[in-house]
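First to last, the sequence lines map onto chains U, W, C, X, P and R. The working numbering puts the first residue of the first sequence at 24, with every later residue one more than the last. The working numbering puts the first residue of the second sequence at 24, with every later residue one more than the last. The working numbering puts the first residue of the third sequence at 24, with every later residue one more than the last. The working numbering puts the first residue of the fourth sequence at 24, with every later residue one more than the last. The working numbering puts the first residue of the fifth sequence at 24, with every later residue one more than the last. The working numbering puts the first residue of the sixth sequence at 24, with every later residue one more than the last.
Protein chains: 6
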Amino acid sequence: MSGKNKVLKNPTIGAMSIDVAQEIGHIVSQLRDIRDASLEHRNRLGRPPKLPSRKVLATVVDALAAALFPNRLGPAGLTEEGIDYFVGHTLDTALRDLTDQVRRELKFAGEQADADIQARTLVRAFAAELPQIRSLLDSDVLAAYEGDPAARSIDEVLVCYPGITAVIHHRIAHVLHCLGVPLTARIIAEIAHSETGIDIHPGAEIGESFFIDHGTGVVIGETAVIGKHVRLYQAVTLGAKRFPKEESGTLVKGNLRHPIVEDDVVVYAGATILGRITIGRGSTIGGNVWLTHSIPPDSHIVQNPHS
Amino acid sequence: MSGKNKVLKNPTIGAMSIDVAQEIGHIVSQLRDIRDASLEHRNRLGRPPKLPSRKVLATVVDALAAALFPNRLGPAGLTEEGIDYFVGHTLDTALRDLTDQVRRELKFAGEQADADIQARTLVRAFAAELPQIRSLLDSDVLAAYEGDPAARSIDEVLVCYPGITAVIHHRIAHVLHCLGVPLTARIIAEIAHSETGIDIHPGAEIGESFFIDHGTGVVIGETAVIGKHVRLYQAVTLGAKRFPKEESGTLVKGNLRHPIVEDDVVVYAGATILGRITIGRGSTIGGNVWLTHSIPPDSHIVQNPHS
Amino acid sequence: MSGKNKVLKNPTIGAMSIDVAQEIGHIVSQLRDIRDASLEHRNRLGRPPKLPSRKVLATVVDALAAALFPNRLGPAGLTEEGIDYFVGHTLDTALRDLTDQVRRELKFAGEQADADIQARTLVRAFAAELPQIRSLLDSDVLAAYEGDPAARSIDEVLVCYPGITAVIHHRIAHVLHCLGVPLTARIIAEIAHSETGIDIHPGAEIGESFFIDHGTGVVIGETAVIGKHVRLYQAVTLGAKRFPKEESGTLVKGNLRHPIVEDDVVVYAGATILGRITIGRGSTIGGNVWLTHSIPPDSHIVQNPHS
Amino acid sequence: MSGKNKVLKNPTIGAMSIDVAQEIGHIVSQLRDIRDASLEHRNRLGRPPKLPSRKVLATVVDALAAALFPNRLGPAGLTEEGIDYFVGHTLDTALRDLTDQVRRELKFAGEQADADIQARTLVRAFAAELPQIRSLLDSDVLAAYEGDPAARSIDEVLVCYPGITAVIHHRIAHVLHCLGVPLTARIIAEIAHSETGIDIHPGAEIGESFFIDHGTGVVIGETAVIGKHVRLYQAVTLGAKRFPKEESGTLVKGNLRHPIVEDDVVVYAGATILGRITIGRGSTIGGNVWLTHSIPPDSHIVQNPHS
Amino acid sequence: MSGKNKVLKNPTIGAMSIDVAQEIGHIVSQLRDIRDASLEHRNRLGRPPKLPSRKVLATVVDALAAALFPNRLGPAGLTEEGIDYFVGHTLDTALRDLTDQVRRELKFAGEQADADIQARTLVRAFAAELPQIRSLLDSDVLAAYEGDPAARSIDEVLVCYPGITAVIHHRIAHVLHCLGVPLTARIIAEIAHSETGIDIHPGAEIGESFFIDHGTGVVIGETAVIGKHVRLYQAVTLGAKRFPKEESGTLVKGNLRHPIVEDDVVVYAGATILGRITIGRGSTIGGNVWLTHSIPPDSHIVQNPHS
Amino acid sequence: MSGKNKVLKNPTIGAMSIDVAQEIGHIVSQLRDIRDASLEHRNRLGRPPKLPSRKVLATVVDALAAALFPNRLGPAGLTEEGIDYFVGHTLDTALRDLTDQVRRELKFAGEQADADIQARTLVRAFAAELPQIRSLLDSDVLAAYEGDPAARSIDEVLVCYPGITAVIHHRIAHVLHCLGVPLTARIIAEIAHSETGIDIHPGAEIGESFFIDHGTGVVIGETAVIGKHVRLYQAVTLGAKRFPKEESGTLVKGNLRHPIVEDDVVVYAGATILGRITIGRGSTIGGNVWLTHSIPPDSHIVQNPHS
């Protein structure tokens, strides 16, 4: 059933007589055969995919975050006189690197002809959103400070809170997603997912003053819509209820299948909210609640009071 | 409701005529305006916050861990004759770097006058706790070995288990928290949170022989108190039940709001324990249990037996 | 009860008169005493453990992944003519580094005599499995693409999905586990756990076309057996129900205590499946379900329908 | 006469009232003015020169040297089975990086149209010469071993001797010079000059079995021609006698103005040989000799015997 | 007479019975005794010298050179719009690092009280000279291009010529020397000496349009004064004739003891010019000439015509 | 006569039809053939030479220098209390790395059997010489300070002077040479040669208080013997007069062929002293002097007074 038995029965461990050099050559050649078959299967033989690099995008996002918050996320000795030069130089470098990655995605997606011009235009439009992103993040940081009794200062929140890290990545990724490079956006989202355990699909729309506390295990789906002043705790899922299939048996992709959460809603740890339902404004969803239907504004849902 | 619509309607993508150099200059200037407004709002104009560096603190904790366990977490070729020199040099360097970070926090907190002397005194007191920290960690490692049927050796536990990584960070962070640098402590806690998915507030008091298995999603709040020989599984929450607000509407900060878990308690995966309640010694809390009231010693709580 | 009180009462903070140099010397000497006591306790005085290095193994796995998928996980500018040289050189280097780590584990485990030859033989057997690992991973990537409505291309899946990262690590770790280096295997599993929040014990047997979506909080135990075309969501546990103790009071190690999940099963987010039970082929387990008994093929289990 | 006086009289040191931020801005602006004036002067305003990178070329030459002599100049642990993969992968990478640098030079030289194709063609031709370069270098290493009484082995010579380092760089640079990228070639020559104090213009033609002992201060001019089995010591100059000017007063560039040194000649330390003269085969030139006329074969020239 | 005999007779190699750990401890303790004796001898016991760092200064000079010539010595992808941000940020960082090093020298020189303010003032004065330094260097680059028949472009000269590297370092070091940090200046000069073999004391005053060809072995003394449009070749010495001693027998330090070279002088390779003599404007000094007396303008000195 | 013509006539540049992949494969295969022929020629087929690494040895020497002079050549923030730990840890690491390199040389030299024990014994003997090396270097630094009118402090000399860099390397290399690892010693000497332009064979015996000023171009041969308080200037050669050949025509290796320079001798710039002659104590050799016979004590030799 698994690869295990095959390994255990493998007689080569006891009697190892094949020459090692042949062996590496043999493995290289086997891997090439599998690779070529896979490329052929995907109609990519002769033009293997060159995808955006996660490593480069991680650097880009770190640089953008430092340009957005130079005093708190920038280098240690930054002085007042040097700060605009730092911001300008960091943006210039990061946007150039981002353009390279965007170009890769556009080429990979088949738009070869004017990938270069498109990439520049797209990144320019992205750059123009940065002040708006900073303003939204300021509202998020304030929401975290006000929403957590353990928070001692606004600055602590920016430096420490994984929820803020996740939202910085999301607000950047969401703009890129909307501008037409969903793979680049997704890689940025997964960088945050890996760092924080918070998994927000870049397609999700999230309003100002958003706060996720603790955060590990939070999942927010592609078509979720979240209003202003919403607060989530760890392990909350805003997911899809079911995955309709097409007649061919393949999943229908892209339909609206995740919840709408209106302004001023709080969702406590472990709650699971599934499907294209609406959580009315001002509602509170208790810990571990399992919810698959819409609720009106100002509802208070709690788990069965059996404990 | 979100930033998306704004982007999609942004007409600049089609007609991009502004000179790029002007654009970067424009963005730099917009970001400065937002930054200055934010600094003014926080009464920090002219003295922007210089916070402890997460990157430096990560290095400090790695160095301290290597000094505490040089054979297993130190460099590869360490010899018996060189081990004390390694420990001494590593401590000397790590404590100096820690002093820099502590000084930053003290200055940030407004204690400018004798921040330097205070930082040295504080780190000296911290250093004096290191042997005690090592002894506690030895008890934790042993508890992990004894508590997990899959553990094959004590050394494996130290190198592999995310629960141990989290506890190394916590025991260091907790001493710093008690000594008066809660931001430094919190950053260290979040480094562990990011690596392990285990979120322990540095304020939590945890006794010897503590073991968290698997660990992803565990949350332990600021005022939690945990006795000796306690064992937790993944996704356990020791949280607050509610967040009382002051008359002004802001959250009350710092009150005792998390559980007390007495000696020899086991809490299975996904259990949620909320509020300043007491779990009596020797109790067992079953998986996914939701618990908001105190229970006497030797209690055995399980989820509704509906499955 | 905790280290906190001790620290707070520590009188050294107020009156710090001891010379600092003496202090570091004192701490070094205290740490040595504790270390020697610990080594003696483990019968390792004079031969402290030299364990495999997590850092080196992380590099090895990254290199193996790049050799398995050079176009998508290899370096940026790789050309068609250079690809086999890249694969061959990367394998040669990674396997040599792996041999060093395997040798360490064998020596640590007490097999000093022919550790060198054993390590080479073992790594050769491991290398021979690489083409098979690649084929299994191709099936996993395809399963992810087909199982997630948000996936836009097979290549996106390989680069982005944490479930794929976890499975790459698992398939490598599992072969090493079966070949007799469980500690090396475990460290590799924990590297993935830290990156993805997905905790798969290297002993678990997993069939082809396996897909974990989102993934944070998933735990799969040592003796779990998973068939083909199985799909899991975040926070699913395939765990042990209880931990039998030997007469001496120590836990029984190594017995079959985790579930068997047959082909074509889907387990939704947060479900907890415990004990050596069997989930019959084609079954669906709903979100948050708590399951401790076997179910026949094609079962559909859902949580209490109270929502 | 120098910048000193200006600095000493600079009144700004005593009375420093200008705001620092303005100052950096002022310097940046002054530097821009000078830069623009300089670009305008060179007719490069709007297309500033992008030159080959010394840092990248240093990496390329190190990689080529490792590919030519993998056992002695390659990485430490190279095994017999992996050696061809190392050579192939190193060549593939180094030649790709070299192509980038060559493309820059071609573009800088004004050949914009098909710079990319030309660069590839040129580097392909360069690569085809590598086996010939290795053979020549083998003859040089042997000559060094046979020519120095202090040499204990052929391998020592390759690893230690600055003369060999210089010749490795030269033989690579010379082929590039002949193929039409003199700037790239010159940068490589200057890398060797900096490391060894030996300054060989890449235009110089040098036959097999060439040896320079000690080497510091050796200068070999652009149009020098050196036969087989020639040996030079430190501080030898093969230079130009005079620099004829054109009517406009500018130096005539590129004429044949350096010596021809025939086969089997030895030139001892500090000798200066100037102009398009011929040193006949088998001749010996003594230390510190100053020579500006041709000499027949088998001549033995020594300094005035005044000491 | 040397350390050799002692080593060869050392009986410890044959009979090595001392414990190694003791040995390292013994060496550490011996080195401490020698160190303390040396510090005591220099009246520095208790305040060991903290000198400027060569490594940091090398970085500072590289950054300043990139800020002065961003297109040719800056990073690869620099765009027109980003260039001033690069220059400003690079200056800001480099000047801050330079301030740290200058502060160290001032403290080392005994000026403890206001070392910080002095360092800032001094570096500000230095920064104000940068545009002037760039202008001088432009004249030097042009002189190199016009003076070397092998030079193909002005840009090649800047990137390749060791003489230019040496002059960039010198012009920076000279301003620092004049401003009162001779040790910092000297370290910068030695960085160039190591890279190029050209040894220019930072005290030397050098006019515009200065060119050194090849350069290895050039030595220019502390009190040398060089006019405009001067050209030197390799191994030229502008040195002191004798070193007068004070009555106490120690050397007199700081007197004017090196040559004055007036405008438009050319000095060919290997010429040695010693003492406070004057080389009249427009003169030519032939190769290997040894000169210890002043000569009038337009002199042409050649070596004895014995060859 | 040179490789040039071959390249220029190479027809492949015009008509490039061969597939590139074949080409790299072809070059790899050609290089293998040449390599195998070369190994066969040196009787090393099947056991290619693994030589000491220049890069590692450079690190070792830097570490030893920092351990010898921790305040001036060690890391920036070193504190009094940490200094012995730094020295001990740095020595422990550097000596371990040195042992690896020594082992390589012993194995390369054919002593396979007990290379490991020999390497440890040898490095232990080397380590025991370190205090003596430090004392000699202290005398050298003092000699430099007293011998150069431009030197302002003893500390400046240690940090700046290339002559001191060269002597640090030499005193380390000489002990290793005497202990039986001449290749390791030679590589260390060449590291200094590359940095300083000063070429001292590790076999040369040099007494205390040795000073080389400026230094570029100095060459000191293998069998030279230099007394106490000797001072050399740039471009001085202490070389061999002739190279006697054996009957077979190969050079005689290892005979005494370089000068003996007695105590208190000064040799000015550019002087050339050749052969096994003796320069009597207290003598002065003028600049550019060419000397091939012994001279009695207190001689003063100057160049022909033609200038």
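Backbone N, C-alpha and C define an ideal beta-carbon position, used for all residues, glycine too.
Residue span of the alpha helix (DSSP H) that contains G186(W), given as start and end: 185-202
Please tell me whether G111(U) has its Cβ less than 8 angstroms away from any Cβ of chain P. yes
Just by C-beta distance, which residues in the region 213-224 of chain R are closer than 7 angstroms to chain X? E213, H216, S217, G220, D222, H224
Closer than 8 angstroms, CB to CB, is T239(C) near chain U or not? yes
At least three beta-carbon pairs within less than 8 angstroms, the region 168-181 of chain C to the region 270-289 of chain U: yes
DSSP beta-bridge partners for T301(U)? I283(U)
Any beta-carbon of chain U closer than 8 angstroms to the one on G105(X)? yes
Limits of the unbroken beta strand (DSSP E) element including L261(C): 260-262
Along the region 179-196 of chain X, where does the CB come closer than 9 angstroms to a CB of chain R? Name the residues. E179, L181, V182, C183, Y184, P185, T188, R194
Alpha carbon to alpha carbon, how far is A60(C) from I210(C)? 26 angstroms
Listing by chain order, which chain U residues have their CB less than 8 angstroms from the CB of T122(W)? Correct list: empty, because the minimum Cβ distance to chain U is about 15 angstroms.
List, in order along the chain, the chain X residues whose C-beta lies closer than 7 angstroms to that of T260(R)? A292
Span separating the alpha-carbon of H316(W) from that of D236(U): 23 angstroms
Straight-line CA distance for L85(W) to L255(P)? Residue 85(W) is actually Asp in this sequence, not Leu. Spanning the two alpha carbons is a distance of roughly 54 angstroms.
Any chain W beta carbon closer than 8 angstroms to T82(R): It does not: the Cβ of T82(R) has no partner Cβ on chain W nearer than 8 angstroms.
With a cut-off of 8 angstroms, does the C-beta of S271(P) fall near any C-beta of chain X? no
Mind checking Q257(C): buried by the 16 CB within 10 Å criterion, or exposed? buried
Check the Cβ of R127(P) against every Cβ in chain U and list those closer than 9 angstroms, keeping chain order. Ordered by position in chain U, no residue passes the 9 angstroms Cβ test against R127(P), which lies about 16 angstroms from the chain.
Starting from D120(P), trace the alpha helix (DSSP H) in both directions and tell me its first and last residue. DSSP places D120(P) in the uninterrupted alpha helix (DSSP H) bounded by 106-131.
For T268(U), does the count of other Cβ atoms within 10 angstroms reach 16, so buried, or fall short, so exposed? Looking at the sequence provided, one finds Lys at residue 268(U) rather than Thr. It is exposed - the Cβ of K268(U) has fewer than 16 other Cβ atoms within 10 Å.
Cβ-Cβ separation, G230(C) to L145(C) (assumed contact under 8 angstroms), whole Å: In fact, because the Cβ distance is near 24 angstroms, the residues do not count as touching under 8 angstroms.
Nearest chain R C-beta to D115(X) closer than 8 angstroms, yes or no? yes
Where the region 293-315 of chain R meets chain X: residues whose CB sits under 9 angstroms from a CB there: G293, T295, L297, N311, V312, W313, L314, T315
For the alpha helix (DSSP H) holding G170(C), just list the boundary residues, first then last. In the DSSP assignment, G170(C) falls within the alpha helix (DSSP H) that extends over 153-170.
Flag this pair as yes or no: are the beta carbons of D227(W) and G244(W) separated by less than 8 angstroms? With the sequence shown as reference, residue 227(W) is identified as Ala, and Asp is not the correct amino acid for it. It is a contact, given that the beta carbons lie within the stated cut-off.
Environment of V325(C) [buried if 16+ CB atoms lie within 10 Å]: Exposed, because fewer than 16 other Cβ atoms sit within 10 Å of the Cβ of V325(C).
For a contact defined as C-beta to C-beta under 9 angstroms, what are the partners of I235(W) on chain P? Per Cβ cutoff of 9 angstroms: no residues; I235(W) is ~38 angstroms from chain P at best.
Within chain C, partners of Y108(X) - CB distance below 7 angstroms: Y108, G111, H112, D115
Comparing C-alpha positions only, which one of T113(U), K264(U), I57(U) sits nearest to S162(C)? I57(U)
How far does the alpha helix (DSSP H) with P205(W) in it extend, from its first residue to its last? 205-219
Between V339(U) and the rest of its own chain, which residues show a CB-CB distance below 6 angstroms, the 5 nearest in sequence each way excluded? Limits of chain U in this structure are 24 at one end and 330 at the other, which puts residue 339(U) out of reach.
Whether T260(P) touches V248(P) by CB criterion (8 angstroms): Judged by their CB atoms, T260(P) and V248(P) are not nearer to each other than the 8 angstroms cut-off.
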